[in-house]
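Using the working numbering, read the sequence shown as starting at 20 and increasing by one per residue.
The structure under discussion appears below in the form of structure tokens.
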Amino acid sequence: MKKILLIATALVFSFSFSKSFADGHGPEIYGPYPITLKGYDGDKTNSVKYTGQMARQVLHDSLKKLVKTGDLDKMMAYYNGEDGLEIIAPKSKDGFPVMQTMVSEIGSGNLSGKMYKGAIPGWGGLSGPEALEHMMQKASEIGGDFDPATGFDYTQLISKFAMGAVFYNQGVNNYLGKKMEIGQKENRKPYKEGAYYTGKEHSWDEAFGYWGAPAHSLTLTAEQNYNVAKMKDLAAADYNGDGVVDLYSEMLFAHAYYASSYDKGGKTNYLATVNQAFIDGRKVIRDAGGRNLNFSERTEMLAARDTIRENWQKVIAESVFKYAGSTYKDIVALETIMEANGDTTDAFRKYAKHWGELKGFALALQCGPEDLGETAEKMNRMMGFGPVLLNASQVVGVDSNGNFIKDQAQDWGEFKLHMIKIQKLMVDEFGVTARNNDQLAAMEELASTMGSADSAEND
Numbered sequence: 020m021k022k023i024l025l026i027a028t029a030l031v032f033s034f035s036f037s038k039s040f041a042d043g044h045g046p047e048i049y050g051p052y053p054i055t056l057k058g059y060d061g062d063k064t065n066s067v068k069y070t071g072q073m074a075r076q077v078l079h080d081s082l083k084k085l086v087k088t089g090d091l092d093k094m095m096a097y098y099n100g101e102d103g104l105e106i107i108a109p110k111s112k113d114g115f116p117v118m119q120t121m122v123s124e125i126g127s128g129n130l131s132g133k134m135y136k137g138a139i140p141g142w143g144g145l146s147g148p149e150a151l152e153h154m155m156q157k158a159s160e161i162g163g164d165f166d167p168a169t170g171f172d173y174t175q176l177i178s179k180f181a182m183g184a185v186f187y188n189q190g191v192n193n194y195l196g197k198k199m200e201i202g203q204k205e206n207r208k209p210y211k212e213g214a215y216y217t218g219k220e221h222s223w224d225e226a227f228g229y230w231g232a233p234a235h236s237l238t239l240t241a242e243q244n245y246n247v248a249k250m251k252d253l254a255a256a257d258y259n260g261d262g263v264v265d266l267y268s269e270m271l272f273a274h275a276y277y278a279s280s281y282d283k284g285g286k287t288n289y290l291a292t293v294n295q296a297f298i299d300g301r302k303v304i305r306d307a308g309g310r311n312l313n314f315s316e317r318t319e320m321l322a323a324r325d326t327i328r329e330n331w332q333k334v335i336a337e338s339v340f341k342y343a344g345s346t347y348k349d350i351v352a353l354e355t356i357m358e359a360n361g362d363t364t365d366a367f368r369k370y371a372k373h374w375g376e377l378k379g380f381a382l383a384l385q386c387g388p389e390d391l392g393e394t395a396e397k398m399n400r401m402m403g404f405g406p407v408l409l410n411a412s413q414v415v416g417v418d419s420n421g422n423f424i425k426d427q428a429q430d431w432g433e434f435k436l437h438m439i440k441i442q443k444l445m446v447d448e449f450g451v452t453a454r455n456n457d458q459l460a461a462m463e464e465l466a467s468t469m470g471s472a473d474s475a476e477n478d
């Protein structure tokens, strides 16, 4: 009996030790990482902190849920990160209990102060904040998320654009961009006065938070990660085994979710590639031991940074590709219904949703570190300011008072061809390989039926 107890005790100890090791410095887990800041004499032992970023992930998910209400005050409250906000999404459901119920239990932050500040050519040249606030204002004017008069689905437009204008922008432009420069947020100094983490440590960690993956994401398959985001796999989400999902470290959000959605098809490995690069770069910073990185270390860290940037961009480009294909299929369905004089209500609503996702991701793609130039111009022009409507009109701009301007639309055949040309653009310029909803095979035949391989919209 004594021998059995000793064996059992040894097994428990072995499991606990293994779990502790994995939690602390396992090769597949993002953190914890030790305190390396020289001169720090406090009681902190883990230098990782990205609570504000995960709070913003929840603010975004909650804002997305609110758009359909058309309640501008509530939308602005979550956009501005006001105090005392309940978590609207993701929240507990049967079989998937969530630890936090208030945003403040995760951290503090807002979306409004972190928006991409540049001009958004695809939305009338408004600045990033102006464009998103204009969308919310328009949703409030119609009292919901869908406007059949314009074809705009504001839930999709606001969500997909915000993910790019906040998460992608802050992750790649700011924390992995400006703050990785020499002389910016130095590794030999605290990130800010009184901090227990260095400038480079915290900058890197915050970028990871904006990416949206759980700390243990690499221990899961793409399918498991996807199901965590869908709140369908508690066992996969609950890494520490406490019976609830911690939105700070165990949930999958935003572009990390979309990466998993493509990876589960087996053609890509975006999620694991980005997660591994985040871990690799963080280890370089950790191993510097609180001093500034030397040339070799910076080279290694920046190589990991470039891997993250490239694959993050590809995930968004894959999304543009996917929803251009969805929109194409919706146009085909609408043409069939219209030819039969049928009811287009449901089909048009589906079309508007998919076009809104296409537009939102396209706007997001333009919030990255490089000027997309002619690529962005082609993309914006081919998909239009708004979708082609059933009465052959289309939103083409916005006036100085924020009102939409309509004009005669491009014809359906041309618009349909443009969806495929957008897919080709994503392949040619970004090298997308998952290619969900691929319609490229129809391009040559469709172009020939229109009388030319080139539509009125030149490539």
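Note that beta-carbon positions come from the ideal geometry of N, C-alpha and C, so glycine has one too.
Just so you know, these numbers come straight off a predicted model, no measurement behind them.
Beta-carbon contacts of residue i that lie in its chain and below 7 Å, excluding the five residues immediately before and after
i: LEU195; result: ALA226, ARG324, ILE327 and ARG328
i: TYR97; result: LEU78, SER81, LEU82, LEU85 and LEU104
i: LEU436; result: LEU465, ALA466, MET469 and SER474
i: HIS44; result: Its pLDDT being 48, under 50, HIS44 is placed unreliably by the model, and the measurement read from it follows with that caveat. Same-chain partners within the cutoff: there are none.
Per-residue burial, residue i [other beta carbons within 10 Å of its own, 16 or more giving buried]
i: SER127; result: exposed
i: SER467; result: exposed
i: MET20; result: Because MET20 carries a pLDDT of 39, less than 50, the predicted location of this residue cannot be relied on, and the following value inherits that uncertainty. With fewer than 16 other Cβ atoms within 10 Å, it is exposed.
i: MET121; result: exposed
i: LYS197; result: exposed
i: LYS397; result: buried
i: PHE40; result: Any reading at PHE40 must be qualified, since the residue scores a pLDDT of 32, below 50, and its modelled position is unreliable; the value itself is stated next. With fewer than 16 Cβ atoms within 10 Å of its Cβ, PHE40 is classed as exposed.
i: GLU389; result: exposed
i: ARG490; result: Outside the shown range of the chain (20 to 478) lies residue 490, about which nothing can therefore be said.
i: PRO109; result: buried
i: SER419; result: exposed
i: ASN99; result: exposed
i: ALA254; result: exposed
i: GLU463; result: exposed
i: GLN203; result: exposed
i: GLY450; result: exposed
i: SER159; result: buried
i: THR364; result: exposed
i: ASN399; result: buried
Element boundaries [beta strand (DSSP E), containing residue i]
i: SER280; result: First-last for SER280: 273 to 282, but that is the alpha helix (DSSP H), not the beta strand (DSSP E).
i: SER412; result: 412 to 417
i: ASP426; result: 423 to 427
Own chain residues within Cβ distance below 6 Å of residue i, not counting five before or after
i: MET320; result: GLY300 and VAL303
i: GLY163; result: LYS87 and GLY89
i: MET95; result: none
i: ALA248; result: LEU271 and TYR276
i: PRO116; result: VAL263
i: LYS93; result: LEU85
Boundaries of the alpha helix (DSSP H) in which residue i is found, first to last residue
i: HIS235; result: Premise fails: HIS235 is in no alpha helix (DSSP H) and is neither H nor E.
i: ALA366; result: 364 to 384
i: GLY143; result: That residue, GLY143, is in no alpha helix (DSSP H); it is neither H nor E in DSSP.
i: VAL446; result: 431 to 449
i: ALA322; result: 314 to 358
i: LEU465; result: 462 to 468
i: GLY202; result: Careful: GLY202 lies outside any alpha helix (DSSP H) and carries neither H nor E.
i: TYR52; result: Element bounds for TYR52: n/a, residue is neither H nor E.
i: GLU242; result: 241 to 248
i: VAL303; result: 289 to 306
i: MET401; result: 392 to 402
i: LEU253; result: 253 to 256
For residue i, the residue or residues it bridges with in DSSP
i: ILE209; result: A small correction: the amino acid at residue 209 is Pro; Ile does not occupy that position in the sequence shown. PRO209 is bridged to THR217.
i: ILE139; result: LEU145
i: ASP172; result: PHE165
i: VAL264; result: VAL117
Same chain, Cβ closer than 8 Å to residue i, five either side skipped, listed in chain order
i: SER178; result: HIS79, LEU82, LYS83, VAL86 and GLY379
i: GLN156; result: LEU91 and GLY421
i: LEU312; result: ASN206, LYS219, VAL303, ILE304 and MET320
i: ALA371; result: PHE165, PRO167, GLY170, PHE171, ASP172 and PRO406
Any non-hydrogen atom of the ligand MG within 8 Å of residue i CB
i: ALA466; result: No copy of the ligand MG appears in this structure; indeed no ligand is present at all.
In chain order, each alpha helix (DSSP H) run of at least 4 residues that lies wholly inside the region 61 to 134: As for any alpha helix (DSSP H) of minimum length 4 sitting wholly inside the region 61 to 134, the runs are 70 to 85 and 91 to 99, ordered along the chain.
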